[in-house]
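**Student:**
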Amino acid sequence: MAMTYGQLKNNVKDITEMTFTDAQLDMFTQQAEQKIYGFIKDLPILRKDTTIGFNRAATLPADLLYLHSVTQKTGTDGVTRKALIQKDYDFLLEAYPSSSETVPDDVTEPELKYYALNSSATEDYFASRMVISVAPKWDATVTCLIEYQYQPRSIVDTDGTEEQPWLGTNYDSALLNGVLVEAARFMKAEPDIIQLYDQQYTLAMQQLMDSVNKLSSDSYRPKPPPAQPLTVPAPAQPPQREG
246 MAMTYGQLKN
256 NVKDITEMTF
266 TDAQLDMFTQ
276 QAEQKIYGFI
286 KDLPILRKDT
296 TIGFNRAATL
306 PADLLYLHSV
316 TQKTGTDGVT
326 RKALIQKDYD
336 FLLEAYPSSS
346 ETVPDDVTEP
356 ELKYYALNSS
366 ATEDYFASRM
376 VISVAPKWDA
386 TVTCLIEYQY
396 QPRSIVDTDG
406 TEEQPWLGTN
416 YDSALLNGVL
426 VEAARFMKAE
436 PDIIQLYDQQ
446 YTLAMQQLMD
456 SVNKLSSDSY
466 RPKPPPAQPL
476 TVPAPAQPPQ
486 REG
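Numbered per my numbering, the sequence shown spans residues 246 to 488.
Laid out in structure tokens, this is it:
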């Protein structure tokens, strides 16, 4: 059952029988979301991919948490792909000091080998904080597919015009109990109350993790073991008489 942020706030107030400010409820909710997303960081549904045209470097999406892979797309249809190897940024500067390499006349699509991450110099809080650089640095635009884990939009930031917050839509019990744990810590609640909230949160998280593990196992099909040669067992030997 989906839960809106308004419903979440009312439930927290009703259960705790306390009055909180909106700022406090925002803080509890975002802390709970960060904790939950830390447990389920490899969930496939929280992955995104985007195509970026590289000319030496590019800014990564603002909602990126960490990269899974960077692959170069080649060919007229972009189906052919080659995985790039991650290196330290200083390695790229030392191994490829030239600002750009000229693409040979007989080369249709220049080939990339490495990529490195570096922090962005922007002071805009809502902008991306990461820049990705590639090498060799060709004087041409090369297309890469970036697969990454993203930070879902918080239920606190909902305005009704974007995608529904993932936790509030799919696992509202985990979110509600996570917020209650944060609220109890803030209130300095009695130990038995904190224990009760922790137990309910642990149970909700176990249900969530079971769903995550099932999604992961369903998407993975192990290869069958290789065929083994047939062997004929050796005939039984008659017992030997002692001399």
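Every residue gets a Cβ at the ideal spot worked out from N, C-alpha and C, and that includes glycine.
(1) On the DSSP bridge list, what partners appear for Gln-394?
(2) Near Met-450, what residues of its chain come up, given a Cβ to Cβ distance below 6 Å and the 5 sequence neighbours on each side ignored?
(3) Taking all protein chains shown into account, decide if Glu-427 is buried (16 or more other Cβ within 10 angstroms of its Cβ) or exposed.
(4) If you run the structure through DSSP and keep just helix, strand and coil, what is Phe-299?
(5) Out of Asp-437, Phe-431, Gln-444, Gln-452, point me to the one whose CA is closest to Thr-274's CA.
(6) To the nearest angstrom, report how far apart Val-348 and Gln-331 are at their CA atoms.
(7) Rounded to whole angstroms, what is the Cα-Cα separation between Leu-421 and Asn-256?
(8) Examine the Cβ distances between the stretch 384-395 and the stretch 314-321 and report whether three or more of them are shorter than 8 Å.
(9) Classify Lys-382 as helix, strand or coil using the three-state DSSP reduction.
(10) To which residues of the same chain is Ala-277 closer than 8 Å at the C-beta, ignoring the five residues directly before and after it?
(11) From Pro-306 to Tyr-282, what does the alpha carbon distance come to, in whole angstroms?
(12) Where does Val-376 fall in DSSP's three states?
(13) Can you tell which of Pro-355, Tyr-250, Asp-271, Ala-247 has the C-alpha that lies nearest to the C-alpha of Gly-298?
(14) Three or more beta-carbon pairs under 8 Å between the stretch 326-344 and the stretch 360-367, yes or no?
(15) Using DSSP with H/G/I as helix, E/B as strand and the rest coil, what is Val-401?
(16) Please classify Asp-267 as buried or exposed, where buried requires at least 16 neighbouring CB atoms within 10 angstroms.
(17) For Leu-253 and Leu-453, I'd like the C-alpha separation in whole angstroms.
(18) Taking 8 Å as the limit between beta carbons, can you name the residues of its chain near Tyr-341, skipping five residues before and five after?
(19) The alpha helix (DSSP H) spanning Ser-418 covers which residue range?
**Tutor:** Let me lay it out:
(1) Gln-394 has Arg-292, Tyr-311 as its beta-bridge partners, per DSSP.
(2) Residues of the same chain with a CB within less than 6 Å of the CB of Met-450, apart from the 5 flanking positions on each side, are Ala-419 in chain order.
(3) With 16 or more Cβ atoms within 10 Å of its Cβ, Glu-427 is classed as buried.
(4) Strand at Phe-299.
(5) Thr-274 has its Cα closest to that of Phe-431, out of Asp-437, Phe-431, Gln-444, Gln-452.
(6) If you draw a straight line from the Cα of Val-348 to the Cα of Gln-331, it is about 23 Å long.
(7) Taking the straight line from one Cα to the other gives about 8 Å.
(8) In short, these stretches touch, since the Cβ pair count reaches three.
(9) It is coil, neither helix nor strand.
(10) Contacts found: Leu-420, Gly-423, Val-424, Val-426, Glu-427.
(11) Computed Cα separation, rounded: 18 Å.
(12) It is a strand residue.
(13) Closest by alpha carbon: Pro-355.
(14) Touching, yes, given that three or more Cβ pairs across the two stretches are closer than 8 Å.
(15) Helix, per DSSP.
(16) By the 10 Å Cβ count, Asp-267 comes out exposed.
(17) Rounded to whole angstroms, the gap between the alpha carbons of Leu-253 and Leu-453 is 18 Å.
(18) Around Tyr-341: Ala-380, Pro-381, Lys-382.
(19) Its alpha helix (DSSP H) spans residues 417-432.
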